[in-house]
Amino acid sequence: QVQLAETGGGLVQPGGSLTLSCAASGIIYRLTLMGWYRQPPGKQRELVATMTNGGTTNYGDSVKGRFTISRDNAKNMVYLQMNSLKPEDTAVYYCTAWVGGRVYWGQGTQVTVSS
């Protein structure tokens, strides 16, 4: 089993910044990718950003140029630096990990962008 634990969500004003962190634990010797998805209120879950073990990244169109994903492979951590936040970035953010061909999800952390 794989466990993912997200931290760092909260309330931030428009234009502000926030950093999310996620730690993977458990049977993760075949971990190949980590990343973030989000689910805005009343909408479907969507891609935010992912990164492979080799450093290849993939970003959702709405966050390109504002969000940056990074990983610490030695610690099995993934981070999401979010800058220039907008009210439409309000969502539950989920950490994801691909391990041995299976996809795992964290429980999610709420990010609210509001003045």
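Its first residue numbered 1397, the sequence shown is counted upward by one per residue in my numbering.
Where a beta carbon is used, it is the ideal one built from N, C-alpha and C, also for glycine.
None of the values given here were measured: they were computed from a predicted structure.
Alpha-carbon to alpha-carbon, residue j and residue i
i            : j            : result
residue 1487 : residue 1480 : 15 Å
residue 1510 : residue 1437 : 14 Å
residue 1461 : residue 1473 : 22 Å
residue 1501 : residue 1410 : 27 Å
residue 1467 : residue 1450 : 10 Å
residue 1412 : residue 1421 : 30 Å
residue 1357 : residue 1414 : Examination of residue 1357 is not possible in this model, given that the chain is present from 1397 through 1511 alone.
residue 1446 : residue 1453 : 6 Å
residue 1478 : residue 1448 : 19 Å
residue 1483 : residue 1495 : 33 Å
residue 1439 : residue 1471 : 33 Å
Supposed close pair residue i, residue j - CB separation, criterion 8 Å
i            : j            : result
residue 1455 : residue 1463 : 7 Å
residue 1459 : residue 1424 : That belief does not hold up - the Cβ atoms of residue 1459 and residue 1424 are roughly 26 Å apart, past 8 Å.
residue 1429 : residue 1493 : 7 Å
residue 1489 : residue 1434 : 5 Å
CB contact flag (residue i, residue j, <8 Å)
i            : j            : result
residue 1400 : residue 1491 : yes
residue 1432 : residue 1416 : yes
residue 1402 : residue 1497 : no
Buried versus exposed, by CB contacts within 10 Å (16 or more), residue i
i            : result
residue 1507 : buried
residue 1485 : buried
Check: residue i C-beta below 7 Å from any heavy atom of the ligand COA
i            : result
residue 1443 : This structure simply doesn't include the ligand COA, nor any ligand for that matter.
Just to confirm the assignment: which complete beta strand (DSSP E) runs, minimum length 3, are found wholly within the region 1449–1482?
1453–1455, 1463–1468 and 1473–1478
Minimum length 3: unbroken beta strand (DSSP E) runs contained in the region 1413–1448
1414–1422, 1427–1435 and 1442–1448
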